[in-house]
Amino acid sequence: MKIYSAVFIGGALGACLRYGLNLWIHTGQFPAATWLENAAGSLLLGILTGFFMIGAKRPLLSAFLGTGFCGGFTTMSTFSKETVMLLQGQPSLALLYVAASLISGIIFALIGVFVGRRIAGIQQRKGLQEK
Amino acid sequence: MTLAGIFIGGGLGAMLRFWLGNVITAKTKGLSLPIGILTVNILGALGLGIFTGLHVANASVSLIIGTGFFGAFTTFSTFSVETIQLLMAKRVKESILYIVLTLCGSLFAFWCGWTITI
Numbered sequence: 205m206k207i208y209s210a211v212f213i214g215g216a217l218g219a220c221l222r223y224g225l226n227l228w229i230h231t232g233q234f235p236a237a238t239w240l241e242n243a244a245g246s247l248l249l250g251i252l253t254g255f256f257m258i259g260a261k262r263p264l265l266s267a268f269l270g271t272g273f274c275g276g277f278t279t280m281s282t283f284s285k286e287t288v289m290l291l292q293g294q295p296s297l298a299l300l301y302v303a304a305s306l307i308s309g310i311i312f313a314l315i316g317v318f319v320g321r322r323i324a325g326i327q328q329r330k331g332l333q334e335k
Numbered sequence: 005m006t007l008a009g010i011f012i013g014g015g016l017g018a019m020l021r022f023w024l025g026n027v028i029t030a031k032t033k034g035l036s037l038p039i040g041i042l043t044v045n046i047l048g049a050l051g052l053g054i055f056t057g058l059h060v061a062n063a064s065v066s067l068i069i070g071t072g073f074f075g076a077f078t079t080f081s082t083f084s085v086e087t088i089q090l091l092m093a094k095r096v097k098e099s100i101l102y103i104v105l106t107l108c109g110s111l112f113a114f115w116c117g118w119t120i121t122i
């Protein structure tokens, strides 16, 4: 039950932050807000995944930050809606949106995994030195 | 009021994703693709398509359900990280299949939901 509460609060905060950024980021026809949110969320989830690959497992923190916050902050449904809407009149912009989202999501997730592993490695070495 | 609604809608969406993702993953253990989140994303896109087609006039309700619930129910970050994990495990074919299924599935699902209710 505790883990579900952690996912709930994380997801709720992620969704609210996404809503706030949607209001703040005003652009033309390109859905830059969702694009940036999906890229940033992929980076953060990459860092968390990389960190917990090496570091001690923290199920509640993972559920809150990873499944909850990153999951709630990023979205596939709005991405689909925006792409289908763009396809109605501007297919080239739709294609650009899909390519930009996909490439940035994957590259940021990859960078995140390496950064996360690195942070966990540094922490481990510090821990060993202190012992 | 709208923000409080998005908070609750987002929380419920994330919780439902966690539960459904776990249930599906447990039932499809032998498969090499992350079917749990794939299914969740396609279902969420279909749901948002239907909801968009209904043309709800109330802006707050539209934000709470669309941005809050369906937005948080589906996820792009887990999709990105799962793709990377497949690539890091040198399962290139599976990663490409996962990308294609997620993209085509979500876009087609949204379109289906949207056009049947329009």
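Which chain is which? The protein sequence lines are A and F, in order. Counting in this note's numbering, the first sequence runs from 205 upward without gaps. Counting in this note's numbering, the second sequence runs from 5 upward without gaps. Even glycine gets a Cβ: it sits at the ideal position worked out from N, Cα and C.
Buried or exposed for E241 (chain A), please, with buried defined as at least 16 other CB atoms from any protein chain shown within 10 angstroms of its CB. Counting Cβ neighbours within 10 Å, E241 (chain A) comes out buried, since at least 16 surround it.
Determine the DSSP secondary structure at G214 (chain A), reduced to helix, strand or coil. Correct three-state label for G214 (chain A): helix.
Assuming T121 (chain F) and L58 (chain F) make a contact with CB atoms under 8 Å, what is their CB distance in whole Å? Their Cβ separation, rounded to whole angstroms, is 6 Å, which keeps T121 (chain F) and L58 (chain F) in contact under 8 Å.
What residues of chain A sit near N62 (chain F), judged by a beta carbon separation below 9 Å? Under the 9 Å cutoff, chain A gives no residues; its nearest Cβ is about 16 Å from N62 (chain F).
Less than 8 Å separating the beta-carbons of M205 (chain A) and F80 (chain F)? Against a cut-off of 8 Å, the Cβ pair of F80 (chain F) and M205 (chain A) comes out as no contact.
Start and end residues, alpha helix (DSSP H) containing F268 (chain A): Run containing F268 (chain A): none; DSSP gives neither H nor E here.
Neighbouring residues, chain F, relative to L314 (chain A) (Cβ below 7 Å): Neighbours of L314 (chain A) on chain F, chain order: I88.
For F312 (chain A), three-class secondary structure by DSSP: In the three-state scheme derived from DSSP, where H, G and I count as helix and E and B as strand, F312 (chain A) is classed as helix.
Proximity to I12 (chain F) [Cα-Cα], best of F:W23, F:G72, F:T106, F:I100: Measuring from the Cα of I12 (chain F), the nearest candidate turns out to be F:G72.
8 Å Cβ cutoff, G75 (chain F) in contact with chain A: Yes, because at least one Cβ of chain A sits closer than 8 Å to the Cβ of G75 (chain F).
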